[in-house]
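In the UniProt record's numbering, the protein residues as written are 1 to 155. Accompanying notes for the structure given below.
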């Protein structure tokens with residue numbers, strides 16, 4: 001697809017990554033702009049999408065680990081860590097955590113995932129271009145979740 005050593009993400013990765021931000025941005029705006037009666041629906045959609053993306057990102061780390069040799073301890077650790085994001089997302093929405101706790105938990109999960117992304121690049125499991133892509137996407141996701149949280153706290 002794209003050289004592992006390239007410093008710039010492929011154009012398609014940028015486009016798809018940015019498209020994946022639409023539900024985060026629209027959900028955050030929706031908390032502030034929609035009528036009060038619609039906000040629970042907007043919030044549920046935002047939290048469900050956050051859980052789905054955590055699962056997707058965990059799967060990426062699973063795939064990165066599968067590229068390595070079977071006895072590579074770094075890859076085994078990456079494989080083990082890859083199940084944490086989907087479990088956090090599932091538990092957050094399934095157990096019906098109060099929104100004032102769920103959103104910060106998602107923020108922490110996405111920041112933790114970004115740190116795992118950096119680790120994967122540093123260990124050579126992920127391509128170099130993955131770091132700048134994930135930085136931008138993570139910042140927008142975290143800011144969107146914080147904006148939504150602010151909207152919930154002020155409502």
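C-beta: ideal position from N, C-alpha, C; glycine also. Note that the structure is a prediction, hence the values are computed from the model and not measured.
Give, in chain order, every unbroken run of the alpha helix (DSSP H) that is at least 4 residues long and sits entirely within the stretch 44-86.
73-81
Can you give me the Cβ contacts of residue 116 inside the same chain, cut-off strictly under 7 Å, excluding the 5 residues immediately before and after it?
61, 81
At least three beta-carbon pairs within less than 8 Å, the stretch 61-79 to the stretch 123-141:
yes
Helix, strand or coil at residue 129 according to DSSP, with G and I counted as helix:
coil
Does the beta-carbon distance from residue 9 to residue 149 come in below 8 Å?
Taking C-beta atoms as the reference points, residue 9 and residue 149 fail to come closer than 8 Å.
How long is the line joining the alpha carbons of residue 92 and residue 107, rounded to whole angstroms?
12 Å
Residue 77 versus 63, 89, 31, 88, residue with shortest Cα-Cα distance
63
Buried or exposed for residue 94, going by 16 or more other Cβ atoms inside 10 Å?
Taking a 10 Å sphere around the C-beta of residue 94, we find fewer than 16 other C-beta atoms and assign the residue as exposed.
With a CB to CB cut of under 6 Å and the five nearest residues on each side skipped, what residues in its chain are close to residue 152?
The beta carbon of residue 152 sits closer than 6 Å to the beta carbons of 99 from its chain, once the five residues preceding and following it are set aside; these are given in chain order.
Can you tell me which of 135, 154, 101 puts its alpha carbon nearest to the alpha carbon of residue 111?
Ranked by how close their Cα comes to the Cα of residue 111, the residues 135, 154, 101 have 135 in first place.
Residue 137 versus 6, 19, 5, residue with shortest Cα-Cα distance
Nearest option by C-alpha distance: 19.
Would you mind giving the Cβ-Cβ distance between residue 58 and residue 83, rounded to the nearest angstrom? I have them listed as a contact below 8 Å.
6 Å
Quick check: the Cα distance between residue 79 and residue 120, rounded to an integer number of angstroms?
Residue 79 and residue 120 have their C-alpha atoms spaced approximately 11 Å apart.
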